[in-house]
Amino acid sequence: MLDKTIKEPPQRTRFVDIVQGFTKLAMRAGMMQPASFDMHELLQKAQQSAGSNDFGDPWFRQPLAVLLQSLEEEANLHEAGAFVAMKQCEKVLEDRLRAQQWFERHPEILGRPLRSSVFIVGPMRSGTTRLHRLLAADRRFAHMRSFETISPVPHPGFTHGGHDPRITLARRVRKVADLANPHTLAIHPTGPMQPEEELGLLVNSFWGMKHEAQWHVPGYGRWCEAQDATPAYRQMARLLQLIGWSQQTSSLKPWVLKTPQHMLDLDALLKVFPDARFIFTHRDPLRVVASSASLAWNQTCIYSDHADPHRVGREWLRKTRLQVDRMQSARRQIAPDRVIDVHYEDMDADWRSAMSGIYDFLDLDIEPAQPAMVGYYNSATAMKRKPHRYSLTEFGLSEDTVMGELGQYARKFEVPQETHTASR
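If you read the sequence shown in our numbering, its first letter stands for residue 1, the second for the next number, and so on.
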């Protein structure tokens, strides 16, 4: 909730400092090697681990090279943060190699249709998660789960219905995230089996805002903003086919998908998913910017001793403005009958009524889905931690500054300013 009394952002936990201290000692003792962001070395390690050298479409090497340069020159990571970043890159490379192995072993995977997918598109912190999980409760849709966005590619020994170590890994990742900074899970509550966005499928191409929300990599972010994202979206589609195959879900089910990255890349999305339908979400820009900055801050402060909240605030105001500008430009090419706009305030006031309008748009009967949606709301309430509190002040921003950048967008889409306290 927007709380004007907050003047300083929260700090990471002591756990991070302890891990950092042990990492530095281990490196000094020669027990650990410092992180390396040499692309050739990372590629070789992944190839040795996976026993393959086929990464698929080589386009990913371009964003990877820029990201590695930004990590080395801009991110100002401490030793433990750099080591984690290196390991994340290694894992993504191994996932790419293993995905190609699955495609070669089971060519039917790439024959699975991806028809009439429903994309929820909105700025960060505009209510996309709530809407996504409500639709995911409807078994007529296919959806991703949290462990699948962390690890999109099944392990080599995967069998349908068998033990999946990716779920165990997701539980461990969640525990470590909670130890490092419990504010992150208060902002975005989740669990291994919870419906989750497809962000990890774009990360598989080293693409997108996930990296910018985790590390200070402005050079990488600006580079991405000037590129055509189509190759990343093609890889995302291939991984969706793999995930659907691994879930043994019907290929006739439309996917329900969401990630704020789509705000920047609608042109590319439309090339890869030409029959997609879109639910655009809108929220008071004051909340969107402050909450986005809070989310990014609570991650970047984990990996660096030099994270600057005011710099984070400026960047996510700029990024939010770019998101809404790109979205408005690209949606002109989408037929009106494939688009619906939904306001956060309406979902907050009466989610059942708002969802009824969405189901009318999708030409579906909402009745069969309502019990599962109520079940989601009950479980979400049980999972909920302390409210997510944030302010513009802690990130060096004012209401006038934010509305000067985003006021025109708010007026065009008739986005009301929230008059009550909101918890996301």
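All C-beta atoms, glycine included, are put in the ideal place defined by N, C-alpha and C. All figures in this text were calculated on a predicted structure; none of them were measured in a lab.
Item to check | Beta carbon of L392 nearer than 8 angstroms to that of A290 | outcome: Position 392 of the sequence shown, counted from the first residue, corresponds to residue 392. Position 290 of the sequence shown, counted from the first residue, corresponds to residue 290. With a cutoff of 8 angstroms on beta-carbon distance, L392 and A290 are scored as near each other.
Checklist entry - What does F119 pair with, by DSSP beta-bridge criteria? => result Against the sequence shown, residue 119 aligns to sequence position 119. F119 is bridged to L257, F278.
Next on the checklist: Please report the straight-line C-alpha distance between D95 and Q299, rounded to a whole angstrom.
Outcome noted: Taking the sequence shown and counting its residues from 1, the one referred to as residue 95 is at position 95. Taking the sequence shown and counting its residues from 1, the one referred to as residue 299 is at position 299. Rounded to whole angstroms, D95 to Q299 spans 23 angstroms at the Cα level.
Checklist entry - L199: which of Y233, R172, H216 sits nearest, CA to CA? => result Within the sequence shown, the letter at position 199 stands for residue 199. The option with the nearest alpha carbon to L199 is Y233.
Next on the checklist: Quick check on the burial criterion: 16 or more other C-beta atoms within 10 angstroms. Buried or exposed for V92?
Outcome noted: Along the sequence shown, one-based indexing puts residue 92 at 92. Looking at its Cβ environment, which holds 16 or more other Cβ atoms inside 10 Å, V92 is buried.
Item to check | Any beta strand (DSSP E) of 3 or more consecutive residues that is wholly inside the region 391-419 | outcome: The beta strand (DSSP E) runs lying completely inside the region 391-419 and spanning 3 residues or more number zero.
Item to check | Outcome for L25 when other beta-carbon atoms lying within 10 angstroms are tallied against a minimum of 16 | outcome: In the sequence shown, residue 25 corresponds to position 25, counting from 1. Under this definition L25 is an exposed residue.
Checklist entry - So what's T421 in DSSP terms, helix, strand or just coil? => result Taking the sequence shown and counting its residues from 1, one reaches residue 421 at position 421. Note that T421 has pLDDT 45, beneath the 50 cutoff, so the model's placement of it is unreliable and no number is given.
Next on the checklist: Let me make sure I understand the geometry here. Which of L266, R238, A29 has the alpha-carbon closest to that of P107?
Outcome noted: In the sequence shown, residue 107 corresponds to position 107, counting from 1. Nearest C-alpha to P107: R238.
Checklist entry - Do you know how far the Cα of Q408 is from the Cα of H155? => result In the sequence shown, residue 155 corresponds to position 155, counting from 1. In the sequence shown, residue 408 corresponds to position 408, counting from 1. Roughly 48 angstroms between the two C-alpha positions.
Next on the checklist: Tell me the residue span of the alpha helix (DSSP H) that contains H310.
Outcome noted: Translated into positions along the sequence shown, residue 310 becomes position 310. Note, H310: alpha helix (DSSP H), 309-330.
Next on the checklist: Going by DSSP, what residue range makes up the beta strand (DSSP E) through H343?
Outcome noted: Looking up residue 343 in the sequence shown gives position 343. Unbroken beta strand (DSSP E) run through H343: 339-343.
Next on the checklist: According to DSSP, is P192 part of a helix, a strand, or is it coil?
Outcome noted: Along the sequence shown, one-based indexing puts residue 192 at 192. P192 falls in the coil class under three-state DSSP.
Checklist entry - So Y344 and G127 are in contact, right, with Cβ under 8 angstroms, and what is the actual spacing, rounded? => result Translated into positions along the sequence shown, residue 344 becomes position 344. Translated into positions along the sequence shown, residue 127 becomes position 127. Right, the Cβ-Cβ distance comes to about 4 angstroms (below 8 angstroms), so this counts as a contact.
Checklist entry - Should the region 241-250 be called in touch with the region 265-278, which here means at least 3 C-beta pairs below 8 angstroms? => result Judged by pairs of C-beta atoms under 8 angstroms, the region 241-250 does not touch the region 265-278, as fewer than three such pairs exist.
Checklist entry - Taking three-plus beta-carbon pairs below 8 angstroms as touching, is the region 369-380 in contact with the region 311-319? => result By the C-beta criterion, the region 369-380 is judged not to be in contact with the region 311-319, since fewer than 3 inter-stretch pairs fall below 8 angstroms.
Checklist entry - Expressed to the nearest angstrom, what Euclidean distance is found between the alpha-carbon atoms of R352 and V339? => result The residue you call residue 352 lines up with position 352 of the sequence shown. The residue you call residue 339 lines up with position 339 of the sequence shown. Each residue's alpha carbon lies about 19 angstroms from the other.
Checklist entry - To which residues of the same chain is K210 closer than 7 angstroms at the C-beta, ignoring the five residues directly before and after it? => result Working through the sequence shown from its first residue, we reach residue 210 at position 210. Contacts found: L199, V203.
Checklist entry - Out of P368, F206, D337, Q323, which has the shortest C-alpha to C-alpha gap to R61? => result For the purposes of this step, residue 61 is identified with residue 61 of the sequence shown, where counting begins at 1. Ranking P368, F206, D337, Q323 by Cα distance to R61 puts F206 first.
Next on the checklist: Using only the alpha-carbon positions, how far apart do P368 and Q214 sit?
Outcome noted: One-based indexing of the sequence shown puts residue 368 at position 368. One-based indexing of the sequence shown puts residue 214 at position 214. Straight-line Cα distance between these residues: approximately 39 angstroms.
Checklist entry - Which residue comes first and which comes last in the alpha helix (DSSP H) that contains F273? => result Mapped onto the sequence shown, residue 273 falls at position 273. Element bounds for F273: n/a, residue is neither H nor E.
Next on the checklist: Would V288 and M124 qualify as a contact pair, given that the criterion is a beta-carbon distance under 8 angstroms?
Outcome noted: Sequence index remark: in the sequence shown, residue 288 carries index 288 (1-based). Sequence index remark: in the sequence shown, residue 124 carries index 124 (1-based). The criterion of a C-beta distance shorter than 8 angstroms is satisfied by V288 and M124.
Item to check | CB of I302 within 8 angstroms of CB of R12, strictly | outcome: Residue mapping note: residue 302 aligns to position 302 of the sequence shown, counting from 1. Residue mapping note: residue 12 aligns to position 12 of the sequence shown, counting from 1. In contact: I302 and R12 (Cβ atoms closer than 8 angstroms).
Next on the checklist: Relative to the C-alpha of R321, which candidate in M403, A354, E399, T259 has its C-alpha closest?
Outcome noted: Start at 1 with the first residue of the sequence shown, and residue 321 comes out as number 321. Nearest Cα to R321 within the set M403, A354, E399, T259: M403.
Checklist entry - Between the beta-carbon of V217 and the beta-carbon of S70, is there less than 8 angstroms? => result Position 217 of the sequence shown, counted from the first residue, corresponds to residue 217. Position 70 of the sequence shown, counted from the first residue, corresponds to residue 70. Cβ atoms of V217 and S70: closer than 8 angstroms.
Checklist entry - Taking C-beta to C-beta, are L425 and D164 nearer than 8 angstroms? => result Given a span of 1 to 424 for the chain in the structure shown, any question on residue 425 remains unanswerable.
Item to check | Residues of its chain near R222, where Cβ-Cβ distance is below 8 angstroms and the 5 sequence neighbours each way are ignored | outcome: The sequence position of residue 222 within the sequence shown is 222, counting from 1. Correct list: empty, nothing qualifies.
Item to check | Neighbourhood of A75 by C-beta, 6 angstroms cutoff - its chain only, sequence neighbours within 5 removed | outcome: For the purposes of this step, residue 75 is taken as residue 75 along the sequence shown, with counting starting at 1. Only W215, H216, V217 meet the Cβ criterion.
Item to check | As assigned by DSSP and simplified to three states, the class of A229 | outcome: Counting from one through the sequence shown, the residue named residue 229 turns up at place 229. Coil, per DSSP.
Checklist entry - When burial is assigned at 16 or more other CB atoms within 10 Å of the CB, is F413 buried or exposed? => result Here the question's residue 413 lines up with position 413 in the sequence shown. Result: exposed.
Item to check | Contacting residues, own chain, Cβ-Cβ under 8 angstroms from R145 (five flanking each side not counted) | outcome: By one-based count along the sequence shown, residue 145 stands at place 145. Non-local beta-carbon contacts of R145 in its own chain, meaning distances under 8 angstroms to residues more than five positions away in sequence, involve P192, M193, Q194, P195, E196 in chain order.
Item to check | Supposed contact pair K258 and H132 - C-beta distance, whole angstroms, cut 8 angstroms | outcome: Here residue 132 is taken as the residue at index 132 of the sequence shown, counted from 1. Here residue 258 is taken as the residue at index 258 of the sequence shown, counted from 1. For a cut-off of 8 angstroms, the C-beta gap from H132 to K258 is around 4 angstroms, short enough to register as a contact.
Next on the checklist: Going by DSSP, what residue range makes up the alpha helix (DSSP H) through T23?
Outcome noted: Position 23 of the sequence shown, counted from the first residue, corresponds to residue 23. It spans 14-28 - the alpha helix (DSSP H) in which T23 sits, taken as one unbroken run.
Item to check | Closest residue to A293 among G162, E212, Q227, S251 (Cα-Cα distance) | outcome: By one-based count along the sequence shown, residue 293 stands at place 293. With distances taken between Cα atoms, A293 lies closest to E212.
Checklist entry - Are the Cβ atoms of W297 and P9 separated by less than 8 angstroms? => result For the purposes of this step, residue 297 is taken as residue 297 along the sequence shown, with counting starting at 1. For the purposes of this step, residue 9 is taken as residue 9 along the sequence shown, with counting starting at 1. Contact flag set, yes.
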